[in-house]
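Protein chains in written order, with our numbering: chain P, 4 to 432; chain Z, 1134 to 1756; chain L, 5 to 373; chain S, 1241 to 1571. Please read the structure below before turning to the comments.
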Amino acid sequence: MSRDPTDAEPAGAPAGSPDDVLRVRNLTTRFFTEEGQVNAVEGVDFDVRDGEVFGIVGESGSGKSVTALSVIDLVESPGRITDGEVWYREPDLAAEFEDDVPAAVDGEFVDVRRLPEGVRRSLRGPSFSMIFQDPMSSLNPSVTVGEQIAEAVEVQRRASANPRRTRSRTQGYGLGRLLVDTLVPGRGYTSEASEARAVELLEQVGIPDPAERADEYPHQFSGGMLQRAMVAQALAGEPDVLIADEPTTALDVTIQAQILNLLRDLQAEQDTSVVMITHDLGVIARMCQRVGVMYAGQVVERGTLADVFDDPVHPYTEGLLGSIPDMDEPASRLEPIEGNVPSLLDSEMGERCYFADRCPKAMEDCLRPIPMYDAEGSDEHETRCVLAVEEYDEAAALPDGYFESEPDSASESGSADDPAAGEEVSTGD
Amino acid sequence: MTETDPGAGSDLRGTDARDGDGADASAPPAGDDDALVEVRGLRKYYYEDDTLIDRLLRREPTSIQAVDGVDLDIERGETLGLVGESGCGKSTTGETLLRLRDATDGSVRFDGEDVLSMGSSELRRFRKRAQIVFQDPFSSLDPRMTVGDVIAEGLKIHDLPAADPDVAVEADVTVDGDADVEVTVDDDVDTAVESEGGVARVPVRVDATGAGATGSADGGTRADGGPTVSFGRYDDVLAAEVTPRDGGYDVHVSVGASKRTLRRERARTLLERVGLSAGQIDRYPHEFSGGQRQRVGIARALALDPEFIVLDEPVSALDVSVQAQILNLLDDLQSEYGLTYLFIAHDLSVVRHICDRVAVMYLGEVVETGTTEELFESPKHPYTEALLESVPRADTSEQGRRVETLSGDVPSPRDPPSGCRFRTRCPEVIPPAGVAVDQSTYRSVMDLRDRLRRGDFGTGVVWEAVGDPDREDTEAFKREVRAEFGLDGLTGANGDTVEDALEVLANGREREAAERLTERFESVCETEEPVLPDEPHPAACHLYDDERAAAGVDDDADPVTDPEFGGAGMAAGMETPDPEAAGGELPDGVSDPEHGVSDGDSSDADDADDHDASEDDRDGSEP
Amino acid sequence: MADSTGPLDRLFGAVDRVRGALTVSPRTVRNLKSEYRTSALSKVGVALILVVVFMAVFAPFIAPQNPTTQNLDNGRLPPLGFTQTEQQTQTQMVNGSIQTVNTTETVNATLAHPLGTNSLGQDMLARVIYGARTSLLVGLLGTSLAALLGVSVGLTAGYYRGRVDDTLMRFADVSLAFPSLVLAIALIGVWGRASVSVPDPFVVAGVVDPVRSALGLPTPMPDTFVLPGTVIVVVGLVNWVWFARVARGEALSIREEEFVKAARALGADDARVVLRHVLPNATTPILVLATIQVASIILLESSLSFLGFSGTTLSWGFDIAQGRAYLASAWWIATVPGLAIVLTVVGINLVGDWLRDALDPGIEGEGGM
Amino acid sequence: MAYGRFLLKRGLQGVLVVWGVVTVVFGLRFITPGNPVNAVAPLDASPELRQRIAEELGLNRPVYVQYADYIWELLHGDMGYSYISSIDASTIVLSKLPATLELAVASTVVAIVLSIPLGVVSATRRHEPADYAATSFSLVGISTPNFWLGIMLVLLLSVELNLFPTSGRAFGFYRSFELLFAEGVGAFWAAITGWLWHIALPAVTLGTYFTALVTRLTRSGMLDELGKQYVRATRAKGLPETLVRYRHALKNTLIPVVTVLGLQMGTLIGGAVITEAVFSWPGLGTTLINAINARDWPIIQGTLIVIGVGFVLVNVLVDALYAYLDPQVVE
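Shown next, in the form of C-alpha cells:
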C-alpha cells in the first residue's frame, strides 16, 4: 500500500548523482508474524546509476532479498512496505503524472510508491524486471520455456502499444478475454511475433538450437541453461533496471562464470542498470562498481569497490572480508565474527547498533541508533559506525558479558532467515 | 568459540596421539603402506527403469556411471580435498567409501582391511572408526530428537561407554589431614573418566582433617564420622566406599552412575568441545541456527571417537562468517585428536585453506591430484585450470576481469563422451598428428562430428533455413552449415576434407560425412581414455603423454603437436545437455538399484534430489 | 474459551511432559497452540468433539431413559417445540354398519422426551447419546486397526523400495479397487453380522444407579452394549490402504534425509532407523490422516447400519433406517440421528483442518470412505 | 514416444491389478463359513441331492482347477449362472451397469462443474464472504452421510413439496435416444425430461460429497500454488493477474485434483451403492445388496469384478490425463 500522498509536505526527489536512474530512500518493510513484528528492511537508502552494476551484499537474514522485492513491489502478506520512497527516472512517466499526482513527481523523477497500484504494477517488465536464485522453481514446470518467454515479450508489446489499458484494474486482460482465448483455438495471450522474438532471445543468451529448445519444458534444461532462459525472460521487456537476486548461487563455478559474462555483455549491449544481490563477495568484486553492505535490515557501509574492499571502516565489513579464505595466499587461520545473526524481532532489537553484540570494538557510544557517517576514501564512502568519526577507545569499550542478558538470539525463533525469501544458501553436490 | 581450558583437553582415544603435528603438515606422506584409506578402482553405477514391467518389455536398463574408477589415498592425520562440480560423483564416492551405498566394483582398504567385504561385526567396528558430517544443517539432525540424544545415539547403538581393557586406571590421591589412606579403583572407571595417553587419572581428594567433620565443602560422599571423598568434576559419576581399618581408611572408587547418565555426561562434554553450552543438551534442533546445528553434527561424529571423518560439504550451506567459525573448529579438532579428513567441497578457496592434498573429479573420474601447493600454483589438467580461473576472488583486482569460460554444460553420465570425458568442453583438445588447426576451428569440427554421430543433425532444418525444399543448391547448404558451426578458418587439406564431407552431407549421407571427418580429425582425446599415472602430481590428460614418453615411461601415446591455446568462444552446436537438475548430482527420478538391504548398515540411499514414487529398482546383490 | 490457564493449556502442558513417548516435539505443540489461538473454527471443532466424547463416555449417567425400553403407547412423540397432528383411522360400529372415522389428534412433546420418541416409543435423546458411543468406538478401533496394518506395510514398502515396494503397492492397488463400502458389504455378507457384547464398566461397577437416582432419572440402564465386531475388522481391512499410501510416501522422502544416512553411518540397523527416525517423523501426516479416517469410518458405519449390515441396533444409521418409513408422519425419527452424525463428523473434520493448518503434513486428498 | 511407453507400462500395471481383483473375488468364496450349496439346495435336500448339486456346480474339484476354470470362463465373458434366477450372471450384471454408470457420471460432472470454480473463487477471495460460504458448504458436504442427505431431500422436496419422485428410474438415458429415432423428438424430449426428473435427487445426493471434496482440494491446491516461487516470478515479468492465476496457477492445481479424482472413484461407487438403496435405483448397488442377502455367489462375484475393473480403467485414464497435464511424469 503506498504512502498517503497528502501527508507531510513532499520533499521532492533526494539529492544524488546526475545520472542516477533509481534513488531509494528510507525503504522500510515489516512482517507481521505470530511471533511479533519482524523488521526485515529498515530505512534502506541506495542509488543506482544508469548502465551501472550496483552490488548489495549481506548474509542470510540481512534483508537483501526483501529489499529487492520491495523495490519491485512484490512483498506478499504477512509482509508490508510501511515506509520509503522509490524515485525512478522516467521522463514520460513523470510528464504523465505531473498534474494528477504532483507530490510524486520532481523533474524527471517519479516516486513509484506514490503512484496508484495499477501503474506500479505496469512498470514490472518494461521498467523493472527480476531474476531469482533457483531457476528450476522460478519457471512454471508445466508450460514450455518458449511460451513463458513469449509472455514476457507480449507484456512489453502490449504495454508500449496501449499503456492506459495495461494500467487498468484488469491490466488489459480480464477473465472474459481469457475465456474467449482459451475456448477459441489459435487465439492466446502471446502472438506469433512474440514467440519468434522469444526464440531470438534464447539465441541471444547463448542457448544452442533455440527453436527446438523453446518447445521443451523447464525440467529438460540443465541449471545453467535454465538461468540463461531466465535472463532472456527478464530482458524481454528491455527494462531500465534488472534486479538479480543471487543469480549464480545455485550454479557451479564454471557455469557461474558463463552467466556472469553473459550478464555483463547484455548489460553493456542494452545499457541496463543491474542491482546485483548476493552473499558472495567474489561475485561483487568481479561485477560491481559500487556496493552496499547490509546487516540486520540496514545498509551498514556503502561506497566504491575500493572503499569497501580495501579500507572498510565498519567492523562487520572487516569481519566479512576476514572470514573469506584467500585462494591466492592462504592464511593459516581465519578471523570469524563471533555469535549469531540477530532475530530481527522488533521486541528483541535494542535501540543500538545491531552489530554491537558481535562487534570486537563495541563501545558505550554504540548504544544508540547510529546514522550514516561519511568515511574517507571516495566521497561515496559512508558507514553506519561511530569509528568513522571517533577513534576506538579501550576505556569506553563494553565489558565482555555486556550482551549476555539479551535473549539468546538463536533461542526461540531459530535462525531468523528472511521470512519471505528463502535466503538459505544451499548449493548442489 | 569458547575454548575449553587446556587442562581438560584430553585425548579421547586410547592409542597414542598421531605423531605428525597440525593440519599444514607439508611433508609429502610416505609410501602407500602408511595410507589410512586406500581406494582402488571404485565404481558406482545406477540403473534406470528396470522394473519387472520393463523386464517384460525386454528393455535394456540404461546405466548411469556416477563413479567410474576412482583411486584415492588418504594418509593418517591428513586432510584430502575432493573437489568438483555438481554431478562429478564426489558425494557418492564419500558415501560409498563408508558403505552407506553398495559399490558396484573396486576396493576400499581402511587401515589394511577391505571395507567392502566386511562381515557385519567387522563393519560395526569399522563404524566406530569412520564417521561422516553432512551438508544441510536442516536435514542432518533428526527434528524429533533432542540435541543430547542426537549426539549420544552412536554410544547407545554400540552400548558404550564400555571398559577399555588396554586403558590403565590410576588415582592421584591428595589427602587432607594425617590419616593413612589406601585407594583402590575399579578397572571400568575409564568409562566415566577421560583417559589421557592411555591412562585414566581419577582425581581423588580425601578430607580426613577430623573424624566427624561436617560435610566437606564440595559435597563429597561422607562415611559416618569417617573422611569425605570428592572427585572434582567427576563427583556425580563416581562413587566411593570407605572402610575404616586400624590407623587409616581403605577407599574403593567405582562407577556410580548408569550408562545413560554416562552417555549424557559424554554428550555434555562434546557440546562444550564444539563450542556450544552443555545447558542446551535438552533443546531441539529447530532452536539452533545453521552454524550451531553443524556443530552438533560434528559432535555426533566425534562421539564414537573416530580416526577418519568424511566431511561432505560441511560448510557449503553456511554464511561466510559462520563458515569461518566451523573451519577453525575442524582445524582445532584435527590437531587435537589427530583426525584424518576427506573434505568434499565445490568452493575452491575453502579447499585451499583447509586441505593438505586435493583430488579434482570430473564426471565420475579423478582427473588430477596433488598437494594443495602444486595444484593451486601449477595446475596441470585443463579442467583444473578452468576451475581455478573461474572462481571470483573477493579482491578489487577481480573487478571487470574477463574470464575465459568453458563452453556448454557437464555431459550426462548416462552416456559419457568416449575417451577423455572432458573433451566436449576442453579448450586444449589435441588435434591428430600433422593436422595444424587452431583450437576454436578444431572445436567446431568436433562439435559437428558429435552432432552427426548422435544422429540429431537435422539436415531438414538446414534446408529449410536455406529455403530450398527440393535440396538442389548444395553450395547454399554448405554455406549455412559453415556459418552455423563457424568452419570458415580452414585451409589446405583440412579445408578439402571438410568441403567434401559437407558435400556428402548435403545429399543426406550423414554417416559417411561423419566417417570422412573422423578419419582426418579424430583426436587421441576421443579414442583413448587418459590414465591417472602413479606419480606425485598426476593428471589424467593426454597433454602430458609426451612428457611421460620423454621420461621413458612406457606409454604408447603418439607424439603430440603443441596445441595453441585458442579461446573457446561460445561454440554453437554443443552436446545437448542432459536434463540434470541444477543442484542434484543425478538426473531426476533416478534411484539406486542396490536395494536389497544386508545387515542394515550397508543399505544405500539414492541421492537424486527428488525420488519419483513410481520409480522401481532392480533387486541388488546381497553383500 | 481457552484462556491461558484453561483446560486445554493444562492438556498441552501434559503433552509437553510426556513428549518423549508421544514423540510430539514441542515445536508441534507450539504450532498447534498458535494455530488454535487464531482460528475460531478449531475452537468449535474441539468443543464439538469434547461434547461427543463426553456423551459417549458418560452415556449411562446422562441418558434420560434406557435407550432400549419400548413404550408403545407414547410412540412417535415429537421433539420439544413441535406438535404433530395425527390422523387416527378407527373402525367403529355405528348403527349397525362398520364405518371408518378419521379423528385428528394433536400430539405434543413431553419434557421426559426432549427429542421425542421413535415408532417403538424409545427415547430419541437416549439413543443419540448411546449411538455416539457406538460410532466413536467403531471409528477409533477401525482407524487404529487400519493404521496398524497400513503404516507397517507402507513403511516397509517406502523404506526398502524395489521389489518389495512394487509387490506391496500392487497389492494396495487391488484393495483400493474395491470401494470400502462395497467390500464391507461383501465381507459382512460373507462372514455374517457377528457382534460383540461389551460389559458397560460404569454399570458393572454399580456407580450408575446412585447417581441416576440422585438426578431423578429412571435407574435400570443396560449393563452391556453391543459393538459391531465384523464392521470394525472389515473397516480396518478396507481402509488400511490410505495409511499405506501416506506412510510409504513419508518413508520414501524421510529415508533420503541426511539424519537417516548419519544414523546408518553410526551403525544403526534397519529396525532402529525405521522405528527411531522414520516413524516419529511420519507421525504428523499419519495423525492428520487418522482424523480424516475416523470421520470416514463413522460415515461408513452409519451407512452399513442403515443398510442393515451392522451387528448392533444401537446405532445412528439404524435409527435413520427406522425413521425412513415414518418420514411423512414422524419426520424427526430419521432427522435427529442424522444431525448427530453431521455434527460429530463436522467436529472431527474441523479438528482435522486445525491439525493440517498447524502442522502442514501435505497429504491433500488422501483418505476416504 | 515416451508418452506411449508410459501408457503401455501403466496399462500393464492395470492388467496386473485386474488379475489381483479377480483372484480376491474368487478367494472370497473360500473364506465363507457355511456351504455354498445350501444357497441352492432346498433346506430339506437329501445328502445325495446336495452331493449332485455340488458336482453340478463343480464345487468338489480341487481349488486350482476351479480357479483356472473360473479365469478361463471369465475371459470368455461367462460369469456362471445366478443361483436364484439361473439367468446368465453376466447379462444380469451388465444390464444393471448403465444405470449405475449414469448416476456416477451425472454426479461427477455436476461435482466438477460446480466445485472447480467454487474452489478457485474461495482461494482467490480469501477471508471474504464467498470464501466463508464455500468453505462451510464444503465442510458440511463432506461431513454428511449421503443416505441421510437423500432421505432429507426426499422428505423436503418429494414428501412436503412433491417436486421430485421419491424413487425409481424412468427411461434410461440411452433408451431415450432409441425413442428419438423410433418416435421422433416429442417422445425423446419427454423421455429426457422424465430421466432428468428422476435422476435429479439421486445425482445431488451422490454428487454433494464429491463436490465438497473437490472444492476443498481445489482451494488448498490453489492456495499452495499461489505461494510458489514461479508465481512470484511470473508476476515480476508483468503478466496480468488473470493469467497468473487462471493459466499458470490453476493448471498446476488441477494436476493433483485429477489424481485424487481417480483415487476417490472408489468412494463414488461406494456412495452410488447407498444412493441406489435409498432411491431404489436399479443399478449394480441394489443388485449387489440383494445378491449378498440371497448369497447368490455368481452375481456377487460378477458385480465386484465389474466394479473393480471399472475402477482400474478409470485410474489408467486418470494417469494418462495426469501425464498429459504434467510433462515431468513421462520422463
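Even glycine gets a Cβ: it sits at the ideal position worked out from N, Cα and C. As the structure is a computational prediction, the values presented were derived from the model and not from experiment.
By the Cβ neighbour-count rule, Y1677/Z is buried, with 16 or more other Cβ atoms within 10 Å of its own. Here the alpha carbons of R1604/Z and D1621/Z stand approximately 22 angstroms from one another. Three or more pairs of CB atoms, one per stretch, sit closer than 8 angstroms, so the region 284 to 296 of chain P contacts the region 41 to 58 of chain P. Buried is the label assigned to F312/P, since at least 16 other Cβ atoms lie within 10 Å of its Cβ. In this structure, DSSP gives L318/L a state outside helix and strand, which the three-state scheme calls coil. Given a length threshold of 3 residues, each whole run of the beta strand (DSSP E) inside the region 263 to 346 of chain P is given here in chain order: 276 to 281, 293 to 298, 301 to 307. If only complete runs of 4 or more residues are kept, the region 1328 to 1379 of chain S shows the alpha helix (DSSP H) at 1329 to 1364, in order along the chain. By the 16-neighbour rule on beta-carbons within 10 angstroms, F35/P is exposed. In this structure, the alpha-carbon of Y298/P lies about 7 angstroms from that of E62/P. Here P205/L is exposed. Its C-beta has fewer than 16 other C-beta atoms within 10 Å.
Under the criterion of beta carbons closer than 8 angstroms, E157/P and S132/P do not qualify as touching, at roughly 14 angstroms.
Under the DSSP assignment, G1214/Z falls in the beta strand (DSSP E) whose first and last residues are 1212 to 1216.
By the criterion of a C-beta distance shorter than 8 angstroms, A116/L is surrounded in its chain by P68, Q69, D127, once the five residues flanking it on both sides are discounted.
For E1218/Z, the closest of D1235/Z, E1211/Z, A1199/Z by C-alpha to C-alpha distance is A1199/Z. One Cα belongs to S1347/S, the other to E351/P, and the distance between them is close to 56 angstroms. Rounded to whole angstroms, the separation of the alpha carbons of R165/L and L245/P is 46 angstroms. Assignment of L149/L by DSSP, reduced to helix, strand and coil, places it in the helix class.
Taking C-beta separations shorter than 6 angstroms and ignoring five residues to either side along the sequence, the partners of D50/P in its chain run G19, D23, R26, following chain order.
About 5 angstroms separates the beta carbon of N106/L from that of Q91/L, a gap short enough to meet the 8 angstroms contact definition. If you look at I1547/S, you'll find it in the alpha helix (DSSP H) that goes 1537 to 1565. Contact between the region 338 to 355 of chain L and the region 125 to 142 of chain L is present: three or more C-beta pairs spanning the two stretches fall below 8 angstroms. Not flagged as an interface residue toward chain S: T89/L, since no C-beta distance is shorter than 9 angstroms. Remark: three or more beta-carbon pairs, one from each stretch, lie closer than 8 angstroms, so the region 1472 to 1491 of chain Z and the region 1209 to 1223 of chain Z are flagged as touching.
By alpha-carbon distance to T1402/Z, the top candidate from V1386/Z, R1587/Z, D1275/Z, A1325/Z is A1325/Z. Fewer than three beta-carbon pairs drawn from the region 1405 to 1423 of chain S and the region 1488 to 1497 of chain S are found closer than 8 angstroms, and the two stretches are therefore not classed as touching. Our two residues, P183/L and Y1323/S, have alpha carbons roughly 25 angstroms apart in a direct line. In this structure the region 283 to 294 of chain L touches the region 1271 to 1286 of chain Z; the number of beta carbon pairs closer than 8 angstroms is three or more. Taking 9 angstroms as the threshold, the shortest C-beta distance from T1384/S to chain L falls below it. In the three-state DSSP reduction, N1627/Z falls in the helix class (H, G or I). Looking from the CA of T1451/S, the closest CA among V1303/S, V1349/S, E1516/S, F1428/S belongs to V1349/S. Contact residues of the region 162 to 178 of chain P toward chain S are A162, T169, T173, Q174, G175, Y176, G177, L178 (C-beta to C-beta distance below 9 angstroms). Under the 9 angstroms criterion on CB atoms, H281/L is classed as interfacial with respect to chain Z. C-alpha of V1513/S to C-alpha of V122/P: approximately 57 angstroms in a straight line. Residues of the region 1272 to 1286 of chain Z with a C-beta less than 7 angstroms from any C-beta of chain L: S1272, S1273, L1274, D1275, P1276, R1277, E1286, listed in chain order. Inclusion of P242/P and A232/P in the CB contact set at 9 angstroms is not warranted, their separation being larger than that value.
Under the three-state reduction of DSSP, H1385/Z is assigned to strand.
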